[in-house]
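Chains as they are written, first to last, in UniProt numbering: chain V, 1 to 235; chain S, 1 to 235.
We treat Cβ as the ideally placed atom computed from N, Cα and C, and that holds for glycine.
None of these values were measured; they are calculated from a predicted model.
Beneath this line is the structure, given in structure tokens, with notes to follow.
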DNA sequence: GTCATAGTTTTCGTATACGATTTCGTACTC
DNA sequence: GAGTACGAAATCGTATACGAAAACTATGAC
């Protein structure tokens, strides 16, 4: 995710590759994802156009594409704003994501080799270390990595696409840190190990999916219990 | 689905409502969905613009939005074509759809009242009739209705959105009929009844989801077994 | 002080124009 | 006859310009 954002930033930096419409799309998207444009931010076509040194037509096109992805809201003759995400929205997005990620993990499982499991274990070990010298930022980044390893062999491109969209949707809430819950972190690491063992044992897709989804749900529940729902929108 | 298409067609007919960009979007989408523009169809901006009586700018915008939805493929300096769907793609789309629909059904289940179950039963009864005086077109339409009833209370808007996107994606394959498999139809009706009973009994989400998904998967498998995979792309 | 209204400003919406890129057909060479 | 090079046509890409809609502001009446 951070990778995607920085890649887009680099692209927008040199600006040499792709059409201007493409550049506008990538840049605005990355700015939404990295929080430069936070929810509610008013996206004025002319300003963005000037900022990027292009005319409004490609910017307009980019904004509409982002709208189709759910990252911005567009209103006729009024303009575009970065999509906000209220507590209910947040819950629904997380719920959807846990379903999709569960499926992605289950579909990947048969294709995950010993090397991948080893990699995932290494990541998990690092997460355990992060718990000792309290480092929530790194912990959550590693958490993302861990699950990415489990997804990466998913043969169904639609599912992977949905996973990414979901995370993009949540990105403006600082996805890299919002899932850290101290009390939950220890269990989380243990659940990761359990998940890896299920995969190694060649458990059925149902079992793996359920485990993956429950794990994600539990993390979400813990997060919600910690921060009262009201503060979500202020994030 | 048919409803959506005809609505869009009506909108494009009077063309009075919404912006021209919106009109272009709705019209092109409906034409893709209803098969007027079938997979591989070359979408030439200028021609569509002329056809709709607008300039190319709003058409271009509409096409890019459709690209973000996966309905068209766009290549720089070359143009847009209606996304084809090869047998593998088809499988992945159906797989994704069965996951999403299973989840949608499970999430709806607690909110489905006796009246809804009765409606669904009525639809199912009609389906049974269709089997007697062989009417596959109506059968598949009713099948769609049946599942829609089960979805409609789904509180998670993202999931519903994904369901619709999935069906749009498949629409150019004549979604209204491609799922009819004579040998499978009878079982299908029985499974519907079983699903309704699970819902009435207040079964757990897991059980309902699994049942719904398995049902869809079985239908897909039967369909694939019937038509050899090669003919899919020609549809 | 509050509300309504008219005028101004901002911003969007799209048509048009022109440059850039690709594609396709034709002629020429080997 | 096959392959290549060149040129014309088709098509995309975007800047600019102007019209339309909404939002904002100031003014005046009550």
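DSSP, read as helix, strand or coil, puts residue 203/V in coil.
Taken atom to atom, the span from the alpha-carbon of residue 121/S to that of residue 35/V is near 49 angstroms.
At a cut-off of 9 angstroms, the C-beta of residue 131/V has no neighbouring C-beta in chain S. Residue contact with chain V for residue 208/S: absent (no Cβ-Cβ distance below 9 angstroms to any residue of chain V).
Put simply, the CB of residue 93/S is near chain V, with a gap under 9 angstroms to one of its CB atoms. The C-beta separation of residue 82/S from residue 40/S comes to about 6 angstroms, placing the pair in contact by the 8 angstroms criterion.
The criterion of a C-beta distance shorter than 9 angstroms is not satisfied by residue 98/V and residue 64/S. In this chain, the alpha helix (DSSP H) harbouring residue 122/S covers 114-132. For residue 193/S, same chain residues with a beta-carbon under 7 angstroms away, outside a window of 5 residues either side, are 124 in chain order. With distances taken between CA atoms, residue 219/S lies nearest to 91/S out of 91/S, 138/S, 112/S. Under the three-state reduction of DSSP, residue 88/V is assigned to helix. Restricting attention to 70/V, 53/V, 183/V, the CA atom closest to the CA of residue 23/V is found in 53/V. Taking residue 201/S as reference, the option from 215/S, 87/S, 113/S, 148/S with the minimal CA-CA separation is 113/S. Leaving aside the five residues that flank residue 93/V on each side, the residues in its chain whose CB is nearer than 8 angstroms to its CB run, in chain order, 85, 166, 169, 170. Within the model, the alpha-carbon separation for residue 111/V versus residue 88/S is close to 18 angstroms. Those residues of the stretch 126-160 of chain S placed with their C-beta closer than 7 angstroms to a C-beta in chain V are 156, 157, 158, 159, ordered along the chain. Residue 180/S is positioned such that its CB atom lies closer than 9 angstroms to that of residue 136/S.
Take residue 38/V, set aside five residues on each side of it, and the residues of its chain with a beta-carbon closer than 6 angstroms to its own are 172, in chain order.
Residue 141/S and residue 57/V have their C-alpha atoms roughly 41 angstroms apart.
The three-state secondary structure of residue 184/V, taken from DSSP, is helix. The secondary-structure analysis by DSSP pairs residue 74/V across a beta bridge with 80/V. Counting only the Cα atoms, residue 209/S lies some 18 angstroms from residue 187/S.
For residue 138/S, DSSP assigns no beta-bridge partner whatsoever. About 4 angstroms separates the beta carbon of residue 80/V from that of residue 43/V, a gap short enough to meet the 8 angstroms contact definition. Contact residues of the stretch 83-115 of chain V toward chain S are 92, 93, 95, 96, 99, 103 (C-beta to C-beta distance below 7 angstroms).
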